[in-house]
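Using full-length UniProt numbering, the first residue of the sequence shown is number 1, and each one after it goes up by one. Beneath this line is the structure, given in structure tokens, with notes to follow.
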Amino acid sequence: MGLFGKKRRDSPGYEDNAALDGFGGYQPSDSSGYTPAPETPAPVEPEPQKPAKQPMSRSGRRAMYGFFATIGVIAVAALSNTSDRSSDSSAPTTRAPVVYTPSPRVVAPPVTEGWQSVAGKDGVYAYDVPPNWTPKPGTIHGWEKGTQVPGITMVASAFVGEGYCPQEKRSRLGGAGVANVKVSDPATAARKAVDDLAVSAYNPENGPLTAKITPEPPQPTEFTLATGKKVPASIVLAEVVTPPGPCGAQRALVGVIAPELGDASAALAVYSGQDAPGGADRELILKILKTYRGVPEADRKTITPPPSTVR
């Protein structure tokens, strides 16, 4: 088992159950709007290479409700055409290149100098990550619910330390994303999201629950809505210690900020291993969490990424 060492499936623009070596894991996705009205899913630009199928995956798309409208992100699958003609010389079949045409997406400017912004669907909310992180705003990731773990799904994803462990080719050191938490009180919502992620990411799906999770008391803070209004929010951090995995990692930190948004909270979660270079320590996780905000409409910009060709 890897640092976040569960089996995973990587589907471009849809679902990324990331295996993070040494601990066990998976991540969330994006959502937008203020009312829980379903939206038509928009195709998301796929990764340059189609990742290998992993044995464990979620069976369908998750919807996110509460402060942000439901977001559905779908994978774009490419099928290549091959010739059915043959000759006496048994000429090899040819495969035509596949061109992916991405849909327009909304971006928002970062508020932290030198960092990158990760915007949710329609740019209604965003957070910033450091330059060494890889934003993947159209990717849903997380961990499946098992007999012993609650599971969690996140949107508007970003990752750090991809492939950091030679023993685990698809390893990731850490990540971030927004999760729907059906709890109104921000402190309770933050504690729940921390527990759901830490238990699910750092333990086997069907147990035993070997990870030692030590949460800290909630820290009161504020969240700025797109209108500029500030609402109460809460930050909770937790240290996770697990038995060593193939890469030898044993410690991780999980942080969550949950704003007060009504019946449910759209909570930003950030997690990172602590025993390998390049991850996020306590100070950096707090800094990422505090960039989470609503984005004024005037700051949202629609762009159309260029087509990409896979041969």
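Note that beta-carbon positions come from the ideal geometry of N, C-alpha and C, so glycine has one too.
### Message
Helix, strand or coil for residue 295? Go by DSSP, reduced to three states.
### Response
Numbered from its first residue, the sequence shown carries residue 295 at position 295. The answer is coil: DSSP assigns residue 295 none of H, G, I, E or B.
### Query
So residue 269 packs on residue 176, CB below 8 Å; how close in whole Å?
Here the question's residue 269 lines up with position 269 in the sequence shown. Here the question's residue 176 lines up with position 176 in the sequence shown. Correct: roughly 7 Å between the Cβ atoms.
### Message
I need the boundaries of the beta strand (DSSP E) containing residue 173, first residue and last residue.
### Response
Within the sequence shown, the letter at position 173 stands for residue 173. From DSSP, residue 173 is part of no beta strand (DSSP E); its letter is neither H nor E.
### Query
Taking the alpha-carbon positions, what's the residue 231 to residue 258 distance?
Translated into positions along the sequence shown, residue 231 becomes position 231. Translated into positions along the sequence shown, residue 258 becomes position 258. Taking the straight line joining both Cα atoms gives about 10 Å.
### Query
To the nearest angstrom, how far is it from the Cα of residue 181 to the Cα of residue 266?
Residue 181 sits at position 181 when you count from the first residue of the sequence shown. Residue 266 sits at position 266 when you count from the first residue of the sequence shown. So the two alpha carbons sit approximately 6 Å from each other.
### Task
Indicate whether residue 99 and residue 307 have their beta-carbon atoms separated by less than 8 Å.
As a working mapping, residue 99 is identified with position 99 in the sequence shown. As a working mapping, residue 307 is identified with position 307 in the sequence shown. Contact flag set, yes.
### Query
Since residue 216 sits in a beta bridge, which residues does DSSP pair it with?
Working through the sequence shown from its first residue, we reach residue 216 at position 216. In the DSSP output, where bridge partners are listed per residue, residue 216 has none listed.
### From 132, 227, 157, 123, residue whose alpha carbon lies closest to that of residue 277
Taking the first residue of the sequence shown as 1, we reach residue 277 at position 277. Among 132, 227, 157, 123, the Cα nearest to that of residue 277 is on 132.
### Message
Tell me the rounded alpha-carbon separation between residue 341 and residue 144.
### Response
The structure shown does not extend to residue 341, since the chain is modelled only from 1 through 311, so no value can be given for it.
### Query
Hey, how far is the Cα of residue 236 from the Cα of residue 102?
Counted from its first residue, the sequence shown places residue 236 at position 236. Counted from its first residue, the sequence shown places residue 102 at position 102. Using only the alpha carbons, I get a separation of about 36 Å.
### Query
Among 253, 172, 156, which one has its Cα closest to the Cα of residue 274?
For the purposes of this step, residue 274 is taken as residue 274 along the sequence shown, with counting starting at 1. Out of 253, 172, 156, 253 has the C-alpha closest to the C-alpha of residue 274.
### Task
Would you kindly report the start and end of the unbroken alpha helix (DSSP H) that includes residue 282?
For the purposes of this step, residue 282 is taken as residue 282 along the sequence shown, with counting starting at 1. Its alpha helix (DSSP H) spans residues 282-289.
### Chain-order list of residues whose beta-carbon lies under 7 Å from that of residue 279 (same chain, five-residue window excluded)
As a first step, residue 279 is located in the sequence shown; it is residue number 279 there, counting from the start. Excluding sequence neighbours, residue 279 sits near 160, 161, 173, 174, 272, 273.
### Message
Under DSSP, the beta strand (DSSP E) around residue 258 begins and ends at which residues?
### Response
Here residue 258 refers to the residue found at position 258 when the sequence shown is read from its first residue. From DSSP, the beta strand (DSSP E) with residue 258 extends over 251-259.
### Query
Between the C-alpha atoms of residue 164 and residue 299, what's the straight-line distance to the nearest angstrom?
Within the sequence shown, the letter at position 164 stands for residue 164. Within the sequence shown, the letter at position 299 stands for residue 299. Each residue's alpha carbon lies about 35 Å from the other.
### Cβ shell of residue 296 (< 6 Å), same chain only, five flanking positions each side left out
Mapped onto the sequence shown, residue 296 falls at position 296. Here the set comprises 226.
### Task
Note down, in chain order, each residue of its chain lying with its Cβ closer than 6 Å to the Cβ of residue 292, except the 5 sequence neighbours on either side.
As a working mapping, residue 292 is identified with position 292 in the sequence shown. Only 127, 257, 268 meet the Cβ criterion.
### Task
Express the C-alpha separation of residue 171 and residue 78 in angstroms, rounding to a whole number.
Your numbering for residue 78 matches position 78 in the sequence shown. Your numbering for residue 171 matches position 171 in the sequence shown. Any answer about residue 78 is weak, because its pLDDT of 26 lies below 50 and its placement is not dependable; what the coordinates show is given next. For residue 78 and residue 171, the distance between alpha carbons rounds to 25 Å.
### Query
Beta-carbon separation of residue 241 and residue 198 under 8 Å?
Here residue 241 corresponds to residue number 241 of the sequence shown, with the count starting at 1. Here residue 198 corresponds to residue number 198 of the sequence shown, with the count starting at 1. Their beta carbons are not under 8 Å apart, which means residue 241 does not touch residue 198 by this criterion.
### Task
Mind reading off the beta-carbon distance from residue 304 to residue 104? Whole number of angstroms is fine, and I expect it under 8 Å.
On the sequence shown, position 304 is the one that residue 304 refers to. On the sequence shown, position 104 is the one that residue 104 refers to. Confirmed, about 5 Å.
### Query
Buried or exposed: where does residue 261 fall if 16 or more other Cβ atoms within 10 Å of its Cβ makes it buried?
Taking the sequence shown and counting its residues from 1, the one referred to as residue 261 is at position 261. Classification for residue 261: buried.
### Message
My assumption, with CB atoms under 8 Å, is that residue 129 sits in contact with residue 135. Please give the rounded CB distance.
### Response
As a position in the sequence shown, residue 129 is number 129, starting the count at 1. As a position in the sequence shown, residue 135 is number 135, starting the count at 1. About 6 Å; that satisfies the 8 Å criterion.
### Query
Of all the options 233, 264, 140, 196, which has the alpha carbon lying nearest to the alpha carbon of residue 146?
The sequence position of residue 146 within the sequence shown is 146, counting from 1. With distances taken between Cα atoms, residue 146 lies closest to 196.
### Message
Cutting at 6 Å between CB atoms, please list the residues of its own chain near residue 376, excluding the five before and the five after it.
### Response
As displayed, the chain neither begins before 1 nor continues past 311, which places residue 376 out of reach and without an answer.
### Message
Quick check on the burial criterion: 16 or more other C-beta atoms within 10 angstroms. Buried or exposed for residue 302?
### Response
Taking the sequence shown and counting its residues from 1, the one referred to as residue 302 is at position 302. Flag for residue 302 reads exposed.
### Task
Find the nearest neighbour of residue 178 within the set 167, 156, 191, judged by alpha-carbon distance.
As a working note, residue 178 is residue 178 in the sequence shown. Of the listed residues, the one whose Cα sits closest to residue 178 is 156.
### Task
Can you have a look at residue 206 and say buried or exposed, based on whether 16 or more other CB atoms are within 10 angstroms of its CB?
Indexing the sequence shown from 1 puts residue 206 at position 206. Exposed.
### Query
Looking only at C-alpha atoms, which of 215, 287, 224, 158 sits nearest to residue 118?
Position 118 of the sequence shown, counted from the start, is the residue given in the question as residue 118. Comparing Cα-Cα distances from residue 118 to each of 215, 287, 224, 158, the minimum goes to 158.
### Query
Three-state secondary structure (DSSP) at residue 186?
In the sequence shown, counting from the first residue as 1, residue 186 sits at position 186. In this structure, residue 186 counts as helix in the three-state DSSP scheme.
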